[in-house]
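S.K.: Using my numbering, the first residue of the sequence shown is number 7, and each one after it goes up by one.
Backbone N, C-alpha and C define an ideal beta-carbon position, used for all residues, glycine too.
This is the structure I have questions about; it appears just below.
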Amino acid sequence: MEYLNAVTKGGVQEPYHTWSDMMDNYPAANHKGFDIYPLVYKFNAPRKWHERRPDRSYSASVVICREGEPPSGTSARVFHVPDMHWSDLGLAKRAAMQHGEHIIEGQVAGESLAGL
Numbered sequence: 007m008e009y010l011n012a013v014t015k016g017g018v019q020e021p022y023h024t025w026s027d028m029m030d031n032y033p034a035a036n037h038k039g040f041d042i043y044p045l046v047y048k049f050n051a052p053r054k055w056h057e058r059r060p061d062r063s064y065s066a067s068v069v070i071c072r073e074g075e076p077p078s079g080t081s082a083r084v085f086h087v088p089d090m091h092w093s094d095l096g097l098a099k100r101a102a103m104q105h106g107e108h109i110i111e112g113q114v115a116g117e118s119l120a121g122l
């Protein structure tokens, strides 16, 4: 399992976040028989060592699964919200939910829920 962050406890770095740890226990929305779980995470823009650190920004993805199914394993799919970064957690979360609704409605080219 890939770890996204680590915390220092007693001088030792311990991994503590996986993508499922960043997700709410309950879906943020339901749409046409699917549960939508937004994932928002800090975006670190690539930069050279001497460049100033940009203001905090966030990227987003969305987990979609059948209504009532657990959002893990083969019963769910993760979709990245492409080419966008937000300065606010709330904006990123709303964008992820909207992107999930568009995927469910078939409005996003190349993204499919077939097989769920």
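Taking the straight line between their C-alpha atoms, what separation do you get for residue 76 and residue 94?
M.R.: 28 Å
S.K.: Considering only C-alpha positions, which residue in the set 71, 67, 108 is nearest to residue 91?
M.R.: Minimum Cα distance to residue 91 is reached at 67.
S.K.: Can you pull the DSSP bridge partners for residue 95?
M.R.: Answer by DSSP bridge pairing: none, since residue 95 is not bridged.
S.K.: Going by beta carbon distance, what residues of the same chain come within less than 6 Å of residue 114, once the five residues before and after it are set aside?
M.R.: 108
S.K.: Run through the DSSP bridge pairs and tell me what residue 83 is partnered with.
M.R.: 70
S.K.: Please check the pair residue 110 and residue 122, which I expect to be a contact at CB under 8 Å, by giving their CB distance rounded to whole angstroms.
M.R.: Going by Cβ atoms, the distance from residue 110 to residue 122 rounds to 10 Å, so no, they are not a contact pair.
S.K.: Are there 16 or more other CB atoms within 10 angstroms of the CB of residue 78, so buried, or fewer, so exposed?
M.R.: Per the 10 Å Cβ criterion, exposed.
S.K.: Going by other Cβ atoms of all chains shown within 10 Å of its Cβ, with 16 needed for buried, is residue 106 buried or exposed?
M.R.: It is buried - the Cβ of residue 106 has at least 16 other Cβ atoms within 10 Å.
S.K.: Look up residue 43 in the DSSP assignment and give the residues it is bridged to.
M.R.: For residue 43, DSSP records a beta bridge to 69.
S.K.: Output the boundary residues of the beta strand (DSSP E) element that contains residue 35.
M.R.: 35 to 37
S.K.: Output needed for residue 103: all residues of its chain with C-beta closer than 8 Å, excluding positions within five of it in sequence on either side, in chain order.
M.R.: Cβ within range, chain order: 34, 35, 42, 44, 68.
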